[in-house]
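With the first letter of the sequence shown counted as 1, position 20 gets the number 12 in the working numbering; the numbers rise by one all the way through.
These notes concern the structure reproduced below.
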Amino acid sequence: QVQLVESGGGLVQAGGSLRLSCAASGRTFSSKFMGWFRQPPGKERNVVGHIRWNDGSTFYADSVKGRFTISRDNAKNTVDLQMNSLKPEDTAVYYCAATSSGGEWHYWGQGTQVTVSS
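Okay, structure coming up:
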């Protein structure tokens, strides 16, 4: 099992920045990837981006490319999401996730609310 705890959400004005952090514990060695997803009000949850633990390679959704950055600290088992140039459409509950040994997104945090005001 892998436990994930997010922190760092809040309210910010458009154009501002926020940094989310995800602390992982448990059998973290079984997860190749850590990722961030978001679910806007009334919409489905979609990927924001992800990072591979061993080499730090990243993937970003087109909607956040160039504005968001995912980083990891292997020693602390943490993954951060730096969000810059925030837009009202970035408003969502943000979830940290980790893959199972089989490669599926299996472990999820409790979510943290990010609200961007115009």
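Cβ coordinates follow ideal geometry from the N, Cα and C atoms, glycine included.
**Message:** Counting only beta-carbon separations shorter than 8 Å, does residue 20 have a partner in chain C?
**Reply:** Absence of chain C from the displayed structure is noted, only one protein chain being present.
**Item:** Exposure label - residue 84; buried when at least 16 CB within 10 Å
**Value:** Counting Cβ neighbours within 10 Å, residue 84 comes out buried, since at least 16 surround it.
**Message:** Our contact map puts residue 87 next to residue 106 with C-beta atoms below 8 Å; I'd like the distance itself, whole angstroms only.
**Reply:** Incorrect: roughly 11 Å between the Cβ atoms, too far for contact.
**Request:** List the endpoints of the continuous beta strand (DSSP E) containing residue 25.
**Result:** The continuous beta strand (DSSP E) containing residue 25 extends over residues 25 to 31.
**Asked** Since residue 107 is in the beta strand (DSSP E), which residue starts that stretch and which ends it?
**Response** That run of the beta strand (DSSP E) goes 104 to 109.
**Request:** Could you tell me the distance, in whole angstroms, from the CA atom of residue 7 to the CA atom of residue 76?
**Result:** Take the alpha-carbon of residue 7 and the one of residue 76: they are about 7 Å apart.
**Request:** In angstroms with no decimal places, state the Cα-to-Cα distance between residue 70 and residue 15.
**Result:** One C-alpha to the other measures close to 5 Å.
**Request:** Taking all protein chains shown into account, decide if residue 10 is buried (16 or more other Cβ within 10 angstroms of its Cβ) or exposed.
**Result:** Taking all protein chains in view, the Cβ of residue 10 is crowded by 16 or more other Cβ atoms within 10 Å, so the residue is classified as buried.
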